[in-house]
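Q: Mind looking over this structure? Questions follow.
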Amino acid sequence: MNKFFYEVTSSLGDERFARVGVIHTPHGEIKTPAFIPVGTQAAIKAVSVEMIREAGAQAVLANAYHLYLRPGYDLVNEAGGLAKFMNWDGPTFTDSGGFQVLSLGSGFKKTISMNQLETVNTPRSKRYAHVDDDGVFFKSHLDGSLHRFTPELSMEIQYNLGADICFAFDELTSLADPYDYQLEALDRTHAWAGRSLKAFSQLRNQNQKPYQALFGVLQGANYEDLRRKTAKYLGAMDFDGFGIGGAIEKSQLGEIVKWVNEELPANKPKHLLGISEPDDMFAAVEAGVDTFDCVSPTRVGRNGAIYTLDGRYSVLKKDYERDFSPLDPDCNCYTCKNYTRAYVRHLLRAKEVLGYTLASIHNESFTIRLVHDMRESIIDGSFHELKRDWLARYYKNKK
RNA sequence: GCCGGAGUCGUCUAGUGGCAAUGACAGGAGACUGUAAAUCUCCCGGCUUCGGCCUUCGUAGGUUCGAGUCCUACCUCCGGCA
80 MNKFFYEVTS SLGDERFARV GVIHTPHGEI KTPAFIPVGT QAAIKAVSVE MIREAGAQAV
140 LANAYHLYLR PGYDLVNEAG GLAKFMNWDG PTFTDSGGFQ VLSLGSGFKK TISMNQLETV
200 NTPRSKRYAH VDDDGVFFKS HLDGSLHRFT PELSMEIQYN LGADICFAFD ELTSLADPYD
260 YQLEALDRTH AWAGRSLKAF SQLRNQNQKP YQALFGVLQG ANYEDLRRKT AKYLGAMDFD
320 GFGIGGAIEK SQLGEIVKWV NEELPANKPK HLLGISEPDD MFAAVEAGVD TFDCVSPTRV
380 GRNGAIYTLD GRYSVLKKDY ERDFSPLDPD CNCYTCKNYT RAYVRHLLRA KEVLGYTLAS
440 IHNESFTIRL VHDMRESIID GSFHELKRDW LARYYKNKK
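Positions in the first sequence are counted from 1; adding 79 to them yields my numbering.
This is how it looks when you write it as structure tokens:
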């Protein structure tokens with residue numbers, strides 16, 4: 080089976096929402112809903128592919144922007160593609176670089192909540208990225224060199240990286256951008272979606288490689304009209320699936336996902352870009368999201384934050400100095416089976432790389448398992464109970 | 001014993017007579033959602049009604065309006081000579 084396809088196998092009733100399915104790719108299938116760990120530079124930071132596989136990962140996601148700058152997409156292609164290059168035996172995703180070009184190369188930070196107003200409000204004119212209708216000029220975060228991305232180049236990069244699922248080149252906006260700009264950017268993202276699809280189709284036709292899927296990316300910030308508009312517009316195009324991205328206020332996440340999933344074709348997979356907090360994922364799965372990716376499990380893990388069923392805590396706190404129990408008593412991941420809080424705390428404080436590895440393994444396992452449990456609960460009809468009970472316990476000591 | 005050098009917040013360290021006194025590390029608290037992130041922010045002598053107040057730079061005196069900074073003695077440490 081070389082062709083990409085998705086099938087819904089179970090749902091709570093309406094197949095657009097709270098559903099279970101399978102994404103079939105040339106390199107294997109992904110049982111959804113599923114969490115996809117991020118390995119930006121063709122590596123899950125501090126975690127080997129064996130470890131991330133054991134943590135339950137079905138696929139991994141890398142980034143076109145980073146791999147374009149280093150080591151170069153021609154090199155990855157020569158190595159046999161992203162999966163072979165990084166020794167990952169399974170499906171892979173690549174993000175288009177649109178997000179990075181505007182949020183990283185530009186020195187402008189993305190946000191999904193208003194907690195980071197300071198960075199959100201960085202004036203557009205001060206960013207190291209310039210958007211025009213044809214593409215984006217940006218400076219490399221590595222050496223400051225000037226580069227230009229267009230939808231066509233992003234497609235060429237991603238096609239050569241060889242991921243099973245690629246994303247159209249889109250323009251990320253910020254919650255701080257006014258409505259007029261959101262609209263202007265959305266129209267540009269639509270034009271770029273068309274160019275991405277055309278360029279990617281040509282690449283597929285010109286080559287004999289296994290089928291690579293292309294997902295359209297939805298922007299529109301928190302505006303219902305823009306979100307529905309982009310869902311209708313992109314939904315009518317020949318994309319294999321959709322990525323829901325852009326600036327989203329946390330409190331509106333579920334609502335926004337529901338809007339777009341009411342408009343998008345039900346028989347195609349929906350990926351929510353960059354989200355992994357448990358409450359967000361519950362809201363998103365309920366609203367019909369099939370896959371997630373996020374850097375949070377590894378990033379916060381490296382900084383000592385550990386997810387458990389009773390909430391997230393910092394293992395760096397003195398309370399855990401002599402705590403010889405596992406990071407999470409309810410977990411059976413490699414870390415929790417073999418190591419203690421006192422040990423991981425010691426490693427992280429001593430900046431031993433193994434500490435980053437062990438914390439990341441646990442957080443990835445936790446996140447993957449949570450979404451997997453949501454999947455099971457949809458199958459047996461207990462999703463709403465799981466959501467209620469799980470969140471009640473998780474936030475019992477907080478908020 | 002003589003000569004020279006040095007003693008500053010847990011540690012190392014900055015400090016022209018005029019700010020509780022620099023920086024780093026350690027320590028404490030917080031942040032982190034398509035990874036410029038093994039990062040970033042804040043606190044780090046005591047008290048505080050947050051305007052300040054008090055106690056501090058080996059010890060004890062002295063000079064001075066004012067001393068971590070100058071002088072004297074002592075203590076300790078490090079060099080060198082005996």
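Each residue gets a CB set at the ideal place from its N, CA and C atoms; glycine is no exception.
Owing to the predicted nature of the structure, the values given are computational and were not obtained by experimental measurement.
For Q439, name the three-state secondary structure that DSSP assigns.
A: The residue labelled residue 439 in the question sits at position 360 within the first sequence. The sequence given here has Ser at residue 439, not Gln. DSSP places S439 in helix when its eight states are reduced to three.
Q: Tell me which residue opens and which closes the alpha helix (DSSP H) that T414 is part of.
A: As a working note, residue 414 is residue 335 in the first sequence. Where T414 is concerned, the enclosing alpha helix (DSSP H) stretches over 413-417.
Q: On a Cα-Cα basis, can you pick out the residue from G380, K397, R428, R391 that is closest to T414?
A: For the purposes of this step, residue 414 is identified with residue 335 of the first sequence, where counting begins at 1. Ranking the options by Cα distance to T414, first place goes to G380.
Q: Work out the CA separation of L395 and A421 for me, nearest whole Å.
A: The residue given as residue 421 occupies position 342 in the first sequence. The residue given as residue 395 occupies position 316 in the first sequence. Taking the straight line joining both Cα atoms gives about 9 Å.
Q: May I have the straight-line CA-CA distance separating Q179 from L146, to the nearest angstrom?
A: What you label residue 179 is simply residue 100 of the first sequence in a count that begins at 1. What you label residue 146 is simply residue 67 of the first sequence in a count that begins at 1. Going from the Cα of Q179 to the Cα of L146 covers about 12 Å.
Q: Note the first and the last residue of the continuous alpha helix (DSSP H) segment covering D468.
A: Here residue 468 refers to the residue found at position 389 when the first sequence is read from its first residue. 462-473 is the extent of the alpha helix (DSSP H) around D468.
Q: Taking the alpha carbon of L181 as the reference point, which residue from E342, K163, T229 has its own alpha carbon closest?
A: Locating residue 181 in the first sequence gives position 102, counting from the first residue. Closest by alpha carbon: T229.
Q: Determine the extent of the alpha helix (DSSP H) in which I236 is found, giving its start and end residues.
A: Your numbering for residue 236 matches position 157 in the first sequence. Per DSSP, I236 belongs to the alpha helix (DSSP H) from 230-240.
Q: List the endpoints of the continuous alpha helix (DSSP H) containing A362.
A: As a position in the first sequence, residue 362 is number 283, starting the count at 1. From DSSP, the alpha helix (DSSP H) with A362 extends over 357-365.
Q: Could you name the residues of the same chain whose beta carbon sits closer than 8 Å to that of V155, not counting the 5 residues immediately before and after it, in chain order?
A: Sequence index remark: in the first sequence, residue 155 carries index 76 (1-based). A121, L146, L161, F164, N239, L240, G241.
Q: With a threshold of 8 Å on Cβ separation, who are the neighbours of S90 within its own chain once the five nearest residues in sequence on each side are excluded?
A: Position 11 of the first sequence, counted from the first residue, corresponds to residue 90. Once the five neighbours on either side are set aside, the close Cβ partners of S90 are F96, A97, R98, V99, I457.
Q: From F248 to G176, what does the alpha carbon distance come to, in whole angstroms?
A: Working through the first sequence from its first residue, we reach residue 248 at position 169. Working through the first sequence from its first residue, we reach residue 176 at position 97. Whole-angstrom Cα-Cα distance: 7 Å.
Q: Any chance the CB of V155 is under 7 Å from a heavy atom of the ligand SAM?
A: No copy of the ligand SAM occurs in the structure displayed, which carries no ligand at all.
Q: Going along the chain, which residues of its own chain have a beta-carbon closer than 8 Å to the beta-carbon of D409, five neighbours each way excluded?
A: The sequence position of residue 409 within the first sequence is 330, counting from 1. Short of 8 Å from the beta carbon of D409, and not among the five residues preceding or following it, lie these beta carbons of its own chain, in chain order: T387, L388.
Q: Give the secondary structure of T198 by DSSP, where H, G and I count as helix, E and B as strand, and everything else as coil.
A: As a first step, residue 198 is located in the first sequence; it is residue number 119 there, counting from the start. Low local confidence applies: a pLDDT of 39 at T198 is under 50, so the model's placement there is unreliable, with the coordinate-based value given in what follows. Note: T198 maps to helix in three-state DSSP.
Q: Going by DSSP in three states, S185 sits in which element: helix, strand or coil?
A: The sequence position of residue 185 within the first sequence is 106, counting from 1. Note on S185: pLDDT 47, under 50, position unreliable in the model; no value is reported.
Q: Is the stretch 122-142 touching the stretch 208-217, taking contact as three or more C-beta pairs under 8 Å?
A: no
Q: Is the beta carbon of D174 closer than 8 Å to that of F83?
A: Here residue 83 corresponds to residue number 4 of the first sequence, with the count starting at 1. Here residue 174 corresponds to residue number 95 of the first sequence, with the count starting at 1. Inclusion of F83 and D174 in the CB contact set at 8 Å is not warranted, their separation being larger than that value.
Q: According to DSSP, H209 sits in a beta bridge with which residue or residues?
A: The residue labelled residue 209 in the question sits at position 130 within the first sequence. In DSSP, H209 forms a bridge with F216.
Q: Let's test the definition: count the other Cβ atoms within 10 Å of the Cβ of D304 and tell me whether it reaches 16, buried, or not, exposed.
A: In the first sequence, the residue the question calls residue 304 occupies position 225. Exposed, because fewer than 16 other Cβ atoms sit within 10 Å of the Cβ of D304.
Q: Between the alpha carbons of E400 and H425, how many angstroms are there, rounded?
A: Against the first sequence, residue 400 aligns to sequence position 321. Against the first sequence, residue 425 aligns to sequence position 346. When rounded, the distance between both Cα atoms is 8 Å.
Q: Straight-line CA distance for H209 to R467?
A: Counted from its first residue, the first sequence places residue 209 at position 130. Counted from its first residue, the first sequence places residue 467 at position 388. If I take the Cα positions, the gap works out to 44 Å.
Q: Do the stretch 433-448 and the stretch 461-475 make contact, defined as three or more Cβ pairs closer than 8 Å?
A: no
Q: On the three-state DSSP scale, how would you describe P116?
A: Taking the first sequence and counting its residues from 1, one reaches residue 116 at position 37. P116 falls in the strand class under three-state DSSP.
Q: Using alpha carbons as the reference points, say which of H451, S233, A141, D222 lies closest to M360.
A: Working through the first sequence from its first residue, we reach residue 360 at position 281. Ranking H451, S233, A141, D222 by Cα distance to M360 puts H451 first.
Q: How do the stretch 313-331 and the stretch 339-347 stand: do at least 3 beta-carbon pairs fall below 8 Å, yes or no?
A: yes
Q: Under 8 Å by Cβ, that's how I've got I115 and E108 pegged, so tell me the actual separation to the nearest angstrom.
A: On the first sequence, position 36 is the one that residue 115 refers to. On the first sequence, position 29 is the one that residue 108 refers to. Actually they are not in contact, since the Cβ atoms of I115 and E108 sit about 13 Å apart, beyond 8 Å.
Q: Taking contact to mean 3 or more Cβ pairs, one atom from each stretch, closer than 8 Å, check whether the stretch 260-273 and the stretch 281-291 are in contact.
A: Because the criterion of three Cβ pairs below 8 Å is not met, the stretch 260-273 and the stretch 281-291 do not touch.
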